[in-house]
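A.B. asks:
Residue numbers (the UniProt record's numbering): 1 to 206.
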């Protein structure tokens, strides 16, 4: 350890911790202390929006969401409608090399001037560097599993004919609907043998 001398003539500094000199705006604090991490589809909440009408912004890039490559129509990568449902109709044509700026907005529907609905209205738009395009809008609400909602029970109809899921996807591919692994979820497809059309299948959880 190197040797040294003690300095005894340093000026005293009064450390007063009763007063805070840290100045931070609400927007900076909300960004620094944000509650949720970056979402693959929604992105991050825009700091200068309220919790009453939140807005999310995201730069959607193929490299960050490679599963989108598995959803093609006529060789073009198309953002699936299921993606809009997951974020909350038209698709977004996505190029391999360029990201898309997505903005998702939410606000409650108003019943009266002083009463809000339990439904939220949402809108999803993108910007291509020159103009905005609205791709999807609608209404959603949160529903508890214990809500008293009538469930339709599917009729246990006999579906004796087995269909190959590979053949089904090959047929779709010839029609221009090219589903990759992440969207090839139908398994054990069975259908009717009568004139009345009916089908049932198992869906693989990816």
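All residues carry an ideal CB built from backbone N, CA and C; glycine is no exception.
Report the residue ranges of all alpha helix (DSSP H) runs contained in full by the UniProt region "N-terminal hotdog fold" (39–147); include only those spanning at least 4 residues, in chain order.
C.D. replies: If we require 4 residues or more, the alpha helix (DSSP H) runs fully inside the UniProt region "N-terminal hotdog fold" (39–147) come out as 81–87.
A.B. asks: Give me the Cα-Cα distance between residue 180 and residue 162, rounded to the nearest whole angstrom.
C.D. replies: Working through the chain shown from its first residue, we reach residue 180 at position 180. Working through the chain shown from its first residue, we reach residue 162 at position 162. So the two alpha carbons sit approximately 22 angstroms from each other.
A.B. asks: Rounded to whole angstroms, what's the CA-CA distance from residue 127 to residue 190? Just pull it up for me.
C.D. replies: Walking along the chain shown from the start, residue 127 turns up at place 127. Walking along the chain shown from the start, residue 190 turns up at place 190. Distance between the alpha carbons of residue 127 and residue 190: 43 angstroms.
A.B. asks: Report all residues from its chain with a CB closer than 6 angstroms to the CB of residue 12; omit the five preceding and five following residues, and keep chain order.
C.D. replies: For this step, residue 12 is matched to residue 12 along the chain shown. So the list is empty, once near-sequence residues are dropped.
A.B. asks: Terminal residues of the continuous alpha helix (DSSP H) containing residue 28?
C.D. replies: Within the chain shown, the letter at position 28 stands for residue 28. Residues 26–32.
A.B. asks: In the DSSP assignment, find the unbroken beta strand (DSSP E) run with residue 161 in it and report its ends.
C.D. replies: The residue you call residue 161 lines up with position 161 of the chain shown. Run containing residue 161: 161–163, per the beta strand (DSSP E) assignment.
A.B. asks: Provide the residue span of the beta strand (DSSP E) that contains residue 10, from first to last.
C.D. replies: Start at 1 with the first residue of the chain shown, and residue 10 comes out as number 10. Where residue 10 is concerned, there is no enclosing beta strand (DSSP E), given that its DSSP letter is neither H nor E.
A.B. asks: So what's residue 171 in DSSP terms, helix, strand or just coil?
C.D. replies: Numbered from 1 along the chain shown, position 171 holds the residue referred to as residue 171. It is helical.
A.B. asks: For residue 173 and residue 30, what's the separation of their Cα atoms in angstroms?
C.D. replies: Within the chain shown, residue 173 is the residue found at index 173, counting from 1. Within the chain shown, residue 30 is the residue found at index 30, counting from 1. Rounded to whole angstroms, residue 173 to residue 30 spans 47 angstroms at the Cα level.
A.B. asks: Straight-line CA distance for residue 55 to residue 102?
C.D. replies: Taking the chain shown and counting its residues from 1, one reaches residue 55 at position 55. Taking the chain shown and counting its residues from 1, one reaches residue 102 at position 102. Those two C-alpha atoms are separated by around 10 angstroms.
A.B. asks: Would you grab the beta carbon distance between residue 79 and residue 68 for me? Rounded to a whole angstrom, and I think it's under 8 angstroms.
C.D. replies: Taking the chain shown and counting its residues from 1, the one referred to as residue 79 is at position 79. Taking the chain shown and counting its residues from 1, the one referred to as residue 68 is at position 68. Indeed they touch by this definition, with Cβ atoms about 6 angstroms apart.
A.B. asks: Would you report the Cα separation of residue 176 and residue 83, rounded to the nearest angstrom?
C.D. replies: By one-based count along the chain shown, residue 176 stands at place 176. By one-based count along the chain shown, residue 83 stands at place 83. Roughly 20 angstroms separates the two Cα atoms.
A.B. asks: I need the straight-line Cα distance from residue 207 to residue 71, nearest angstrom please.
C.D. replies: Outside the displayed span of the chain (1 to 206) sits residue 207, for which this structure offers no information.
A.B. asks: Quick one, are the C-beta atoms of residue 86 and residue 122 less than 8 angstroms apart?
C.D. replies: Counted from its first residue, the chain shown places residue 86 at position 86. Counted from its first residue, the chain shown places residue 122 at position 122. No, the pair does not count as a contact, with Cβ atoms beyond the cut-off.
A.B. asks: Is it buried or exposed, residue 104, if we count other Cβ atoms within 10 angstroms and call 16 or more buried?
C.D. replies: Looking up residue 104 in the chain shown gives position 104. When all chains shown are included, residue 104 counts as buried.
A.B. asks: Let me know if residue 178 comes out buried or exposed under the rule of 16 or more other beta-carbons within 10 Å of its beta-carbon.
C.D. replies: Position 178 of the chain shown, counted from the first residue, corresponds to residue 178. Buried, since its Cβ has 16 or more Cβ neighbours within 10 Å.
A.B. asks: The beta strand (DSSP E) spanning residue 179 covers which residue range?
C.D. replies: As a working note, residue 179 is residue 179 in the chain shown. Its beta strand (DSSP E) spans residues 177–179.
A.B. asks: Among residues of its own chain, excluding the 5 on either side of residue 187, which ones have a beta-carbon nearer than 7 angstroms to its beta-carbon?
C.D. replies: To locate residue 187, count along the chain shown from 1; it is residue 187. If we look at residue 187 and ignore the five residues flanking it on each side, its Cβ neighbours are 165, 201, 202 and 204.
A.B. asks: Skipping 5 residues on each side, what residues in its chain have a beta carbon closer than 8 angstroms to that of residue 6?
C.D. replies: Within the chain shown, residue 6 is the residue found at index 6, counting from 1. No residues qualify anywhere along the chain.
A.B. asks: Quick one: Cα of residue 193 to Cα of residue 158, how far?
C.D. replies: For this step, residue 193 is matched to residue 193 along the chain shown. For this step, residue 158 is matched to residue 158 along the chain shown. Taking the straight line from one Cα to the other gives about 9 angstroms.
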